[in-house]
Amino acid sequence: MYLGLAWTVGCVVFSTFVLHNSTECRIARQYLCQTAVFMCGLSILAFTVVSGNYHAYVMFAWIYGIFCGGYHYSLKMYTYERVRARNFARTWGFVQCSQAIPIVIGVPFSGYMNEKCGEKTGYYFSSTCVLVGSLTLFLIDLHRRNIARHKHTRENGTRHVCVNENCPQRRKLSFSQEPENEAGVTAGAA
0 MYLGLAWTVG CVVFSTFVLH NSTECRIARQ YLCQTAVFMC GLSILAFTVV SGNYHAYVMF
60 AWIYGIFCGG YHYSLKMYTY ERVRARNFAR TWGFVQCSQA IPIVIGVPFS GYMNEKCGEK
120 TGYYFSSTCV LVGSLTLFLI DLHRRNIARH KHTRENGTRH VCVNENCPQR RKLSFSQEPE
180 NEAGVTAGAA
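Its first residue numbered 0, the sequence shown is counted upward by one per residue in numbering that gives the first Met the number 0.
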């Protein structure tokens, strides 16, 4: 019961972050996803110290549920942001499949580890996998920076990074520009 309620609260809170962002406080969907997954991993890791205390189990359910619900919502919005409406249905199917395979394999494996290697070993394994998954989301930014940087060849054959913002060969990242303010909004603020 608590996990379901917390999951719902997480969806609502993270949707508020996504939908009601102003120009003063913009939180990227990718960072919401990273934060939610990271906090899920930390809560699973913290679950290993909970033993027999009902209130601690309830606290775990609320913390994990809020960030799990937030992760599910922000992942869907981040995927939509990346692929847009035309390819979303097909892409979301791939995302669901990529989540289903670790669940089918990981849950029994984690249970097996708990039985054979120790009572909490499966939880350590699960939290490690979740934390590694959240850290791999940081690699997306590295790839973006490499795409944005392009090089030119000089006359002597050496290559250098282009620093001209108006270069016609410069690749711009899709969906990375800030939305332009409307003329009435900026005129009213001045």
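The C-beta atom is built at its ideal place from N, Cα and C for all residues, glycine as well.
Query, Result
"Three-pair Cβ contact test at 8 angstroms for the stretch 28–48 versus the stretch 71–81", "yes"
"Residues of its chain near T7, where Cβ-Cβ distance is below 6 angstroms and the 5 sequence neighbours each way are ignored", "none"
"Burial state of V36, where buried means 16 or more other Cβ atoms lie within 10 Å", "buried"
"Nearest to A60 (by Cα), restricted to the options M0, P107 and N20", "M0"
"Heavy atom of the ligand FAD within 7 angstroms of N86 beta-carbon", "The ligand FAD is not part of the structure shown, which contains no ligands of any sort."
"Buried/exposed call for S21, threshold 16 Cβ in 10 Å", "exposed"
"V103 vs T78 beta-carbon contact at 8 angstroms", "no"
"Neighbour-count burial assignment, A5, 16 or more Cβ in a 10 Å radius", "buried"
"Test item: CB-CB of Y123 and T47 under 8 angstroms", "yes"
"CB contact flag (G105, S125, <8 angstroms)", "yes"
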